[in-house]
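Peer 1: Got a structure here, written out as structure tokens. Questions coming.
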Amino acid sequence: MAIAYAKLYELILKKVKDENEAKEFYDVIIELVKEGKIEVKTEVKEELKDELATKKDIAILEEKMNAMEERILRYVDNRFNQLDKKMTIGFVILILLYITTNPNAIELIKLLFGVK
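Each residue of the sequence shown is one higher than the last, beginning at 968 in my numbering.
Below, the structure written as structure tokens:
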């Protein structure tokens, strides 16, 4: 970039024979370039502000994801508890059916628990 500025100054100096006047032209052109850079930078920032996610946006999404994870874990835990209750009820019913249909089951239970 510095080389381009030097070439610009030399070109102005060739066209304008007075060095002070050439320096003024050069300074004005450099100032215009700097203002243009600032303006473009500001426009790009404004455009990207709407397009890109900020840290605040990411934090909000993280909170939503954590809340969703908690809901899913509660749901899964609730389903496992329901399944556990169903399995316990099924096991009790199975044992009761075994006891009522098998004549030797009562003697087996007495033997297992040590009751005579």
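Just so it is clear, CB atoms sit at the ideal spot from N, CA and C, and this is done for glycine as well.
When the Cβ atoms of the segment 992-1000 are set against those of the segment 975-984, are three or more pairs found closer than 8 angstroms?
Peer 2: Yes: the two stretches touch, three or more of their Cβ pairs being nearer than 8 angstroms.
Peer 1: Does DSSP put valine 1082 in a helix, in a strand, or in coil?
Peer 2: Note: valine 1082 maps to coil in three-state DSSP.
Peer 1: Contact check, isoleucine 1066 vs isoleucine 1060 under 8 angstroms by CB: the rounded distance?
Peer 2: Their Cβ separation, rounded to whole angstroms, is 11 angstroms, which puts isoleucine 1066 and isoleucine 1060 out of contact at 8 angstroms.
Peer 1: In whole angstroms, what separates the C-alpha of asparagine 1045 from that of arginine 1038?
Peer 2: Approximately 10 angstroms between the Cα atoms of the pair.
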